[in-house]
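With the first letter of the sequence shown counted as 1, position 212 gets the number 212 in the numbering used here; the numbers rise by one all the way through. Every residue, glycine too, gets a C-beta built ideally from N, C-alpha and C. Note that this is a predicted model, so its numbers are computed, not measured. See structure below.
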Amino acid sequence: MASVLVVDDEPAIVRALRINLTARGYEVYTAFDGRTALQLVTAHKPDLMILDLGLPDMDGIDVIGGVRGWSTMPILVLSARDQEAQKVKALDAGADDYVTKPFGMDELLARLRASIRRARPTSAEPRIITPDFTIDLADKTVRRGDEPIRLTPTEWHILDILARHAGRLVTTRQLLHDVWGPTYRNETHYLRVYMAQLRRKLEPDPAHPRYLRTEPGIGYRLVVEPTPAVDPSTPPSSVP
């Protein structure tokens, strides 16, 4: 069952969406302001967010920016702002689709289904296996044997990027951009803190990392020796 977060300060719209989505089998969370929306995204990690831009405490564009700092969850904007410039601004900020109020429920639900389909992982997502842990990109999990290793959303986002480029260098600038957003360029201390946390959770000897290597002054690399092991069901060509 997919989950949807509805963010709008109009109770009638929230109620209509909750009724229609629940009737179609979705799990529904609701928020009437941006702060609550960001808290719910962190707590529940919904599959999609329907977002109004005119919220009482912050602009919806800022909510998109907050989510895109660590999540690729689809965001469907539902707004009365119908100017082209506003639509472009929302899409450039990271929204996946834009529906203008007043709206048709059938069209909105069709766009929601399409966005969730595009976001769901396929069987081509690799599983990277090391002697000490396994990264499953499809399930978004890390395990040591049968025991899950708990990662924060930001830790997972960093590891996910490194795993998709396994064996290859990922620059500090690219990681800052992809994890925290385009305005982050020089905050290298963020990465140092989170890489230290990841090493404590994944490395047999965090002081002498075997897997999460630093290329001084350049970036980071996930090294899986001798080569990344991929789940046999995954075609070799799908490995990044």
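Option nearest residue i by Cα separation, candidates the options
{"i": "A31", "options": "G25, K45, D9, P46", "result": "D9"}
{"i": "A138", "options": "I128, R144, D132", "result": "I128"}
{"i": "I75", "options": "L40, S115, E107, Q86", "result": "S115"}
{"i": "I152", "options": "Y194, D47, E107, A85", "result": "It should be pointed out that residue 152 corresponds to Thr in this sequence rather than to Ile. Comparing Cα-Cα distances from T152 to each of Y194, D47, E107, A85, the minimum goes to Y194."}
{"i": "P56", "options": "A37, T42, S71", "result": "A37"}
Three-state secondary structure (DSSP) of residue i
{"i": "A31", "result": "strand"}
{"i": "I241", "result": "Nothing about residue 241 can be read from this structure; the chain reaches only from 1 to 240."}
{"i": "T141", "result": "strand"}
{"i": "D57", "result": "coil"}
{"i": "G217", "result": "coil"}
{"i": "T188", "result": "helix"}
{"i": "P209", "result": "coil"}
{"i": "R199", "result": "helix"}
{"i": "T152", "result": "coil"}
{"i": "S123", "result": "Legend: pLDDT at S123 = 45, less than 50; position of this residue unreliable, no value from coordinates given."}
For residue i, the first and last residue of its enclosing alpha helix (DSSP H)
{"i": "S71", "result": "Per DSSP, S71 belongs to no alpha helix (DSSP H) and is neither H nor E."}
{"i": "T172", "result": "172-180"}
{"i": "V223", "result": "Where V223 is concerned, there is no enclosing alpha helix (DSSP H), given that its DSSP letter is neither H nor E."}
{"i": "R168", "result": "Counting along the chain, R168 falls outside any alpha helix (DSSP H), and DSSP gives it neither H nor E."}
{"i": "M105", "result": "105-119"}
{"i": "D97", "result": "Element bounds for D97: not the alpha helix (DSSP H) but the beta strand (DSSP E), 97-100."}
{"i": "Q86", "result": "84-93"}
Residue span of the beta strand (DSSP E) that contains residue i, given as start and end
{"i": "V14", "result": "Here V14 belongs to no beta strand (DSSP E); instead the alpha helix (DSSP H) covers 11-23."}
{"i": "M49", "result": "48-51"}
With 16 other Cβ atoms within 10 Å as the buried cut-off, status of residue i
{"i": "M49", "result": "buried"}
{"i": "P216", "result": "exposed"}
{"i": "T171", "result": "exposed"}
{"i": "G94", "result": "buried"}
{"i": "M1", "result": "exposed"}
Quick one: any contact between the stretch 182-201 and the stretch 98-113, if contact means 3 or more CB pairs under 8 Å?
No: the two stretches stay apart, fewer than three of their Cβ pairs being nearer than 8 Å.
Per the contact definition of three or more C-beta pairs closer than 8 Å, is the stretch 138-148 in contact with the stretch 82-91?
No, the stretch 82-91 is not in contact with the stretch 138-148.
Examine the Cβ distances between the stretch 58-71 and the stretch 11-20 and report whether three or more of them are shorter than 8 Å.
Using a Cβ-Cβ distance cut-off of 8 Å, the stretch 58-71 and the stretch 11-20 are not in contact, since fewer than three pairs of beta carbons, one from each stretch, lie closer than that value.
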